[in-house]
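Engineer: Have a look at the structure that comes next, please.
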Amino acid sequence: MSTLYQLYQQAILVNNRYSITSVSGIQDLGTYEYNEDNYNKAITLLNNGDLDKINELTPAASIWGEDITIIQFNDQNGKLYLALIYDSGDLAQNPEVLHIVLL
């Protein structure tokens, strides 16, 4: 059985525009409720690299609902990235990468 970080790693490798071939140092920066407002704020925060405002997002209320998680990781060259990942506890699915930003 895969750990959540292994699933994140697989999702990044499958869906990225940065030619990432290896993922290391995954850090979970927070899990938040999946809704339009949180999604739009998260995209803006990632694009601006403004993680000081991450506490403005609404935390996930349940492990069984839809959520977005912001992670930080390094690629095979040590470059640092942020990623926004969607997951749903209701579905038997793997996490899906919505957005990746090179810092």
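Just remember that my numbering sits 281 ahead of the position in the sequence shown, which is counted from 1.
All residues carry an ideal CB built from backbone N, CA and C; glycine is no exception.
Predicted, not measured: the structure shown is a model, and the values here were computed from it.
(1) Can you give me the C-alpha to C-alpha distance between Val304 and Ile293, rounded to a whole angstrom?
(2) Within 10 angstroms of the Cβ of Thr350, are there 16 or more other Cβ atoms? Answer buried if so, exposed if not.
(3) Could you tell me which residues DSSP pairs with Asp348 in its beta bridges?
(4) Nearest by alpha-carbon distance to Asn328: which of Ala364, Asn297, Gly370 is it?
(5) Expressed to the nearest angstrom, what Euclidean distance is found between the alpha-carbon atoms of Ser343 and Val378?
Structural biologist: A quick look at the data gives this:
(1) 8 Å
(2) buried
(3) Glu314, Asp368
(4) Ala364
(5) 20 Å
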